[in-house]
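Residue numbers (this note's numbering): 800 to 1070.
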């Protein structure tokens, strides 16, 4: 055997010594700056770190794909490229007695629930239960979006402070609730409704309403009805008006504008 044959023979022997057949179980011990991981193989003896291990994803490409990396301490399944122990690839992770499934996971024969839960507790849960299917998105602090397909179906958005938005397909209603205030800001707002009722206050007879407009407020209707214990009209300019009837009787206003048309005067009723 010449020198070159000896070198190649040694390379083949070392390659066979470091080859691994099948898969291995390991614990994640660290993460490198390039996104690879160091591992400790279980059941193989020794505490020497592994060669840098890459993480397999369902989809990965340039600036796209799924990004869901393991945590240090996770138990993972490892395969080896070409059987080379210096080229480990993490295939996935395993639940165990020290790392049980999340509370949202409810194993059953029907297998209706799929869930994704982050380390801090953010979750996305898909429930395929017959006639009760829904998608739930919830933060660790309890801010929740629920898309409920249970007939007739609705969409709900809520926060821990009591702010809520609900779109109910059964009643055809949209309900918006806020414990303090609802603020709408827009260059313009158009409301086209068949009827509108405004009742301020948590209970009848309580609360106030203020309308502030810098230029003008225009109200147009065939008839306007105002019912109040007292009505105060205050202006710093002129207030032209037409005939005003209060309690069935003409009411005259002193105005600086066009004269009002003469109104019929009803003689006082003789006792």
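Here a beta-carbon is modelled for each residue, glycine too, at the ideal position from N, C-alpha and C.
Owing to the predicted nature of the structure, the values given are computational and were not obtained by experimental measurement.
Hey, how far is the Cα of residue 828 from the Cα of residue 945? 37 Å
Taking residue 829 as part of the beta strand (DSSP E), name the residues at either end of that continuous run. 823-830
So residue 921 and residue 943 are in contact, right, with Cβ under 8 Å, and what is the actual spacing, rounded? Wrong, their Cβ atoms sit about 11 Å apart, outside the cutoff.
Determine the DSSP secondary structure at residue 1036, reduced to helix, strand or coil. coil
Is residue 897 helix, strand or coil when you go by DSSP? coil
Where residue 935 and residue 923 are concerned, what is the direct C-alpha to C-alpha distance, given to the nearest angstrom? 6 Å
At 3 residues or longer, and completely inside the region 882-939: list those beta strand (DSSP E) runs for me, N to C. 887-893, 912-916, 922-926, 933-937
Measuring straight from C-alpha to C-alpha, what distance separates residue 1025 and residue 968? 35 Å
Do residue 869 and residue 892 have their CB atoms nearer than 7 Å? yes
Count the C-beta pairs between the region 969-976 and the region 986-1000 that are closer than 8 Å, then say yes if the count reaches three, no if not. no
Return the residue from the list 957, 879, 863 that minimises the CA-CA distance to residue 851. 879
Please confirm whether residue 854 and residue 889 have their CB atoms less than 7 Å apart. yes
So residue 838 packs on residue 849, CB below 8 Å; how close in whole Å? 4 Å
Our contact map puts residue 949 next to residue 957 with C-beta atoms below 8 Å; I'd like the distance itself, whole angstroms only. At roughly 17 Å, the Cβ-Cβ gap does not stay under 8 Å, so residue 949 and residue 957 are not in contact.
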